[in-house]
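> Residue numbers (this note's numbering): 267 to 644.
Quick reminder that beta carbons are idealized off the backbone N, C-alpha and C, glycines included.
Quick caveat: nothing in here was measured; it's all calculated off a predicted structure.
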């Protein structure tokens, strides 16, 4: 079928001109518009390149009176051929970010229209719980909620169905078939409660939403924090509090069992990445690093190559970066351990309850931690 792609492109543009004014929309243009030539792209004369060349030729042939507009979409602008992005072709670029709170609520409204919803469904609350999710994720949540309702033989989708769907999409499906030993369950419970207590005590941490020792995906348990609102900037203290919260699980293991496990591996990866970004990207390192960024980006997301980071700093500064990361992690670990030692009795009582219930929401946690009935948010 050599030449079929180019032939179809010619037919498409000819049809658009006959029906002008007209819009041609090409979704996932990176499928045919990748950078030509080079290793891994199949040489210089494959079918994909012929299709791309024909698109470029057709777009060059537009006159002012053609009245044909070409729009394309991709989530990989970094791999596009530079020729596609030159003036006269795709020279206007629009970045579409993930939806904010208001947009998420509107998207959820769209995806509830074709479903029988129960009473007292608050889409604003659902939108608050889904910070960072894309429109497709929100659609998936409502579809999953309908499946949960059907499994429960309910005629309408309830708030509980939606909550279960949010957790499945955000955290992964439950794996109740995974059997842990009694000791592993106890370690997991203390680990998750350690995250919860430290995160709750850190002033800049996101709000605790739920603790669970039910396995999801590769995780043996999960402590879920949610931001109260959409955030576009992050302070140095928030980064430090986030690192401290991530280390709360490992600190709880050491405090209670006097030993450590591999359960904190992902926490350590995330904490190290935050500390390294503080040093290299955000100018939040110590005096030895100064207000300088380290690591020079090579290429742009619109230059047809994957942006990569080139090392532009000395061995001495590399050691300073490593020292900063290590010192930051150690300080926040000591801080987390201190919090848990101070509240060890509460750590044990909350864990005891969690071992019985398997899951715990914020209100239950606060009641046990403070000894007072939690005030429910409106």
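#1: Let me know the secondary structure DSSP gives residue 588 once reduced to three states.
#2: At a cut of 8 angstroms, does the region 554-562 reach the region 580-591 through at least three beta carbon pairs?
#3: Residue 508 to residue 495, Cα distance in whole Å?
#4: Residues bridged to residue 476 by DSSP?
#5: What separation, rounded to the nearest whole angstrom, lies between the Cα atoms of residue 498 and residue 472?
#6: Can you find the residues in the same chain that come closer than 7 angstroms, C-beta to C-beta, to residue 609, ignoring five residues on each side of it along the sequence?
#7: Measure the beta-carbon distance from residue 349 to residue 292 and round it to whole angstroms, keeping in mind my assumption that it falls under 8 angstroms.
#8: When the Cα of residue 353 is compared with those of 631, 326 and 375, which residue comes out closest?
#9: Can you name the start and end residues of the beta strand (DSSP E) that residue 505 belongs to?
#10: Specify the secondary structure class of residue 328 as computed by DSSP and reduced to three states.
#11: Counting C-beta neighbours from all protein chains within 10 Å, is the total for residue 416 16 or more, i.e. buried, or is it exposed?
#12: Would you say residue 336 and residue 317 are within 7 angstroms of each other, going by their C-beta atoms?
#13: Can you give me the start and stop residues for the alpha helix (DSSP H) that residue 275 sits inside?
#14: Run through DSSP, which three-state label would residue 292 get?
#15: Which residues in the same chain as residue 442 place their Cβ atom closer than 8 angstroms to its Cβ, once the five residues preceding and following it in sequence are excluded?
#16: With burial defined as no fewer than 16 other Cβ atoms inside 10 Å of the residue's Cβ, what is the status of residue 517: buried or exposed?
#17: Report yes if the CB atom of residue 286 is closer than 7 angstroms to the CB atom of residue 334, and no otherwise.
#18: Grab the span of the beta strand (DSSP E) containing residue 558 for me, first residue to last.
#19: Taking the straight line between their C-alpha atoms, what separation do you get for residue 413 and residue 387?
#20: How many Å lie between residue 332 and residue 379 at the Cα?
#21: What did DSSP end up calling residue 313 once you bin it into helix, strand or coil?
#22: CB-CB under 8 angstroms to residue 276, same chain, minus the five flanking residues each way: which ones, in chain order?
#23: Residue 346 by DSSP, collapsed to three states: which one?
#24: If distances are taken between C-alpha atoms only, which option among 490, 501 and 411 comes closest to residue 469?
#25: Using 10 angstroms around the beta-carbon of residue 295, count the other beta-carbons present and answer buried if the total reaches 16, otherwise exposed.
#26: Which stretch, first to last residue, makes up the beta strand (DSSP E) that contains residue 336?
#27: So residue 602 and residue 514 are in contact, right, with Cβ under 8 angstroms, and what is the actual spacing, rounded?
#28: Check whether the region 391-410 and the region 360-369 touch, using three or more Cβ-Cβ pairs below 8 angstroms as the test.
#29: Are the CB atoms of residue 539 and residue 595 within a distance shorter than 7 angstroms?
#30: Roughly how many angstroms lie between the CA atoms of residue 560 and residue 410, to the nearest whole one?
#31: Would a C-beta distance cut-off of 7 angstroms place residue 545 and residue 587 closer than the cut-off?
#32: Thinking residue 315 and residue 302 are a contact (beta carbons under 8 angstroms), I'd like their distance in whole angstroms, please.
#33: Give me, in chain order, the residues of the same chain whose beta-carbon lies closer than 6 angstroms to that of residue 572; leave out the 5 immediate sequence neighbours on both sides.
#34: If the criterion is Cβ atoms closer than 7 angstroms, does the pair residue 605 and residue 467 meet it?
The short version:
#1: Here residue 588 corresponds to residue number 322 of the chain shown, with the count starting at 1. If DSSP states are grouped into helix, strand and coil, residue 588 belongs with the helices.
#2: yes
#3: For this step, residue 508 is matched to residue 242 along the chain shown. For this step, residue 495 is matched to residue 229 along the chain shown. Each residue's Cα considered, the two are about 16 angstroms apart.
#4: In the chain shown, counting from the first residue as 1, residue 476 sits at position 210. Looking at the DSSP assignment, residue 476 forms a beta bridge with 490 and 627.
#5: Sequence index remark: in the chain shown, residue 498 carries index 232 (1-based). Sequence index remark: in the chain shown, residue 472 carries index 206 (1-based). Answer to the nearest angstrom: the Cα atoms are 14 angstroms apart.
#6: By 1-based counting over the chain shown, the position of residue 609 is 343. Here the set comprises 463.
#7: Counting from one through the chain shown, the residue named residue 349 turns up at place 83. Counting from one through the chain shown, the residue named residue 292 turns up at place 26. The Cβ separation is near 15 angstroms, so there is no contact.
#8: Counted from its first residue, the chain shown places residue 353 at position 87. When only C-alpha atoms are compared, the closest one is 326.
#9: Residue mapping note: residue 505 aligns to position 239 of the chain shown, counting from 1. Note, residue 505: premise wrong, no beta strand (DSSP E); alpha helix (DSSP H) at 502-523.
#10: As a position in the chain shown, residue 328 is number 62, starting the count at 1. In this structure, residue 328 counts as coil in the three-state DSSP scheme.
#11: Here residue 416 refers to the residue found at position 150 when the chain shown is read from its first residue. Its Cβ having fewer than 16 others within 10 Å, residue 416 is exposed.
#12: Translated into positions along the chain shown, residue 336 becomes position 70. Translated into positions along the chain shown, residue 317 becomes position 51. Result no, Cβ atoms of residue 336 and residue 317 do not sit closer than 7 angstroms.
#13: Position 9 of the chain shown, counted from the start, is the residue given in the question as residue 275. Its alpha helix (DSSP H) spans residues 270-284.
#14: Along the chain shown, one-based indexing puts residue 292 at 26. Strand.
#15: The residue labelled residue 442 in the question sits at position 176 within the chain shown. Around residue 442: 480 and 481.
#16: Within the chain shown, numbered from 1, the residue matching residue 517 stands at position 251. Buried.
#17: Here residue 286 refers to the residue found at position 20 when the chain shown is read from its first residue. Here residue 334 refers to the residue found at position 68 when the chain shown is read from its first residue. Yes, they are a contact pair.
#18: Position 292 of the chain shown holds residue 558. Element bounds for residue 558: n/a, residue is neither H nor E.
#19: Position 147 of the chain shown, counting from 1, holds the residue named residue 413. Position 121 of the chain shown, counting from 1, holds the residue named residue 387. One C-alpha to the other measures close to 17 angstroms.
#20: As a first step, residue 332 is located in the chain shown; it is residue number 66 there, counting from the start. As a first step, residue 379 is located in the chain shown; it is residue number 113 there, counting from the start. One C-alpha to the other measures close to 39 angstroms.
#21: Looking up residue 313 in the chain shown gives position 47. Helix, per DSSP.
#22: Translated into the one-based positions of the chain shown, residue 276 becomes position 10. Taken in chain order, the residues that qualify are 320 and 324.
#23: Position 80 of the chain shown, counted from the first residue, corresponds to residue 346. Residue state, collapsed to three classes: strand.
#24: As a first step, residue 469 is located in the chain shown; it is residue number 203 there, counting from the start. For the residues 490, 501 and 411, the minimum Cα distance to residue 469 belongs to 501.
#25: Residue mapping note: residue 295 aligns to position 29 of the chain shown, counting from 1. Residue 295 should be labelled buried.
#26: In the chain shown, residue 336 corresponds to position 70, counting from 1. Here the beta strand (DSSP E) through residue 336 covers 334-338.
#27: Numbered from its first residue, the chain shown carries residue 602 at position 336. Numbered from its first residue, the chain shown carries residue 514 at position 248. The Cβ separation is near 5 angstroms, so the contact holds.
#28: yes
#29: One-based indexing of the chain shown puts residue 595 at position 329. One-based indexing of the chain shown puts residue 539 at position 273. Contact flag unset, no.
#30: Here residue 560 is taken as the residue at index 294 of the chain shown, counted from 1. Here residue 410 is taken as the residue at index 144 of the chain shown, counted from 1. Their Cα atoms are separated by approximately 43 angstroms.
#31: Residue mapping note: residue 545 aligns to position 279 of the chain shown, counting from 1. Residue mapping note: residue 587 aligns to position 321 of the chain shown, counting from 1. Contact flag set, yes.
#32: On the chain shown, position 49 is the one that residue 315 refers to. On the chain shown, position 36 is the one that residue 302 refers to. Indeed, because the Cβ distance is near 5 angstroms, the residues count as touching under 8 angstroms.
#33: By 1-based counting over the chain shown, the position of residue 572 is 306. Here residue 572 scores only 47 on pLDDT, less than 50, and its place in the model should not be relied on; the value that follows carries that caveat. Correct list, in chain order: 344.
#34: In the chain shown, counting from the first residue as 1, residue 605 sits at position 339. In the chain shown, counting from the first residue as 1, residue 467 sits at position 201. Taking 7 angstroms as the Cβ cut-off, residue 605 and residue 467 qualify as a contacting pair.
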